[in-house]
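Presented below is the structure to which this report refers.
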Amino acid sequence: MSRTLFIADLHLCHEEPAITAGFLHFLQGEARACDALYILGDLFEAWIGDDDPNPLHQQIAAALKALPIPKFFIHGNRDFLLGQRFARASGMTLLPEEKVLDLYGHRVLIMHGDTLCTDDEGYQRFRAKVHQRWLQRLFLALPLRMRMRIAARMRNGSKQANQHKSVSIMDVNQSAVEAAMTRQQVPILIHGHTHRPAIHAFPLHGKNAERAVLGAWHENGSMIQLDANGVSLIEFPF
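Number 57 in the numbering used here belongs to position 51 of the sequence shown; there are no gaps in the numbering.
Below you can see the structure in the form of structure tokens.
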């Protein structure tokens, strides 16, 4: 059966070896039985530059490179600095933050999903700041050790800020969802970021629409399958 798979929010890091092992198992098994793999951001917990000699990054690049299907990547809020050097090493194609696919008779919009969380105004201001090209170039020009310290402080600050935010603020805004789908003229949206796996059905301009949300890889793996029948959410053990 022809199908394409989508994953997001693995947050790979040395502190979670079980998730890394689960992802490697996925690449050697399930992922080989599909037409293409799309990674919709936050593959890694943090990314401070393609020049980071982290052995985990090299291990993941080699495993992705060995996967004999087309592989695509959309940046997340954790790994938005991932660049062409790592993409070449892993055999992935980098995509813009929004991408429309025409697959199996379906027109689908894919993205990481953080741009849809418009109720979290503090995060959106932060996102706009760190996505400025000049600031990214300045950060990447710093010594690696300094980048590590800055990234650690930013992660700690983000965790503390999120502790005081309501659950609803950190979820997507339905109006933002509908605006994005209307702009791209799609009936299906696939995204990650919120860690709330589900498929939501709703009317859009008098027609049926769906928003498929990927889960984070905490206790289980999570993927969305797109085939001729549409989207399906699949969770599986490591």
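Built from N, CA and C at the ideal position, the CB exists for glycine as well.
DSSP places F244 in the coil class of the three-state scheme, outside both helix and strand. Per the DSSP secondary-structure output, H206 pairs in a beta bridge with R217. Pairing F12 with Y44 gives a Cβ-Cβ distance under 7 Å. Residue environment: I66 is assigned as buried (16 or more neighbouring CB atoms within 10 Å of its CB, all protein chains considered). Distance between A72 and L101, taken at the CA atoms: about 20 Å.
When the beta-carbon positions are compared, S228 and E216 stay at least 7 Å from each other. Under DSSP, G236 takes part in a beta bridge, and its partners are D233.
Sixteen is the threshold: since fewer than 16 other Cβ atoms of the shown chains lie within 10 Å of the Cβ of N214, the residue is exposed. Fully contained in the segment 71-101 are the following alpha helix (DSSP H) runs of length 4 or more, in chain order: 90-96. About 6 Å separates the beta carbons of G119 and T200, which is inside the 8 Å limit, making them a contact pair.
A buried status is given to I196, since no fewer than 16 other beta-carbon atoms sit within 10 Å of its beta-carbon. Under the DSSP definition of a beta bridge, H197 partners with V219. Residue burial annotation: W140 is exposed, with fewer than 16 other C-beta atoms found within 10 angstroms of its C-beta.
Here K165 is exposed, its C-beta having fewer than 16 other C-beta atoms within 10 Å. In the three-state reduction of the DSSP assignment, S181 falls in the helix class.
Note that the C-beta distance between L16 and W223 is below 7 Å. The three-state reading of DSSP puts L46 in coil, since its state is none of H, G, I, E or B. Fully enclosed alpha helix (DSSP H) runs of no fewer than 4 residues occupy 127-136, 139-146 of the segment 101-147, in order along the chain. By the Cβ rule, the segment 151-161 does not count as touching the segment 177-187, because fewer than three pairs are nearer than 8 Å. Between the segment 46-55 and the segment 145-155 there are three or more C-beta pairs closer than 8 Å, enough to call the two in contact.
When rounded, the separation of the alpha-carbon atoms in Q34 and R189 is 37 Å. No Cβ-Cβ contact shorter than 7 Å links G163 with L46. Per DSSP, the unbroken beta strand (DSSP E) holding I13 starts and ends at 10-13. Distance from the CA of F50 to the CA of F29, rounded to the nearest whole angstrom, comes to 12 Å. R84 is positioned such that its CB atom lies closer than 7 Å to that of D48.
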